[in-house]
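Asker: Numbering (the UniProt record's numbering), first residue to last: 1 to 69. Even for Gly, the Cβ is constructed at its ideal location relative to N, Cα and C. These numbers were taken from a predicted model, which means no experiment stands behind them. Structure in structure tokens, see below.
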Amino acid sequence: MNDLIKKILDERDITALLVEYCRALDNMDLNAIAELFSEDCVVKFGPDDQLNSCGPKAVAKSLERMWRW
Numbered sequence: 001m002n003d004l005i006k007k008i009l010d011e012r013d014i015t016a017l018l019v020e021y022c023r024a025l026d027n028m029d030l031n032a033i034a035e036l037f038s039e040d041c042v043v044k045f046g047p048d049d050q051l052n053s054c055g056p057k058a059v060a061k062s063l064e065r066m067w068r069w
């Protein structure tokens with residue numbers, strides 16, 4: 001596969017993942033959000049260290065805590 005085709009396919013996959021993340025976030029579907037992250041993910045939701053998350057379950061929990069805003 002040439003580089004251009006690989007780049008196009010990668011961009012398509014990234015876009016699809018972003019769409020799924022936004023859809024799950026709009027619906028506050030924490031299970032769907034967690035499924036989008038790898039087990040070794042590390043996410044920082046801004047300067048508050050209490051919202052830093054390691055792993056998909058922690059990401060969902062952080063979003064749940066922020067949901068009240």
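Any idea if Val19 is buried or exposed, counting beta-carbon neighbours within 10 angstroms, 16 or more meaning buried?
Answerer: Per the 10 Å Cβ criterion, exposed.
Asker: I'd like the list of long-range same chain contacts for Ala32, defined as Cβ closer than 7 Å, with 5 residues on each side in sequence excluded.
Answerer: These residues qualify, in order along the chain: Ala24.
Asker: Give me the Cα-Cα distance between Ala34 and Gly55, rounded to the nearest whole angstrom.
Answerer: About 8 Å.
Asker: Could you give the DSSP three-state label for Ser53: helix, strand or coil?
Answerer: Residue state, collapsed to three classes: strand.
Asker: Just mark Val42 as buried or exposed, buried being the case when its beta carbon has 16 or more other beta carbons within 10 Å.
Answerer: Per the 10 Å Cβ criterion, exposed.
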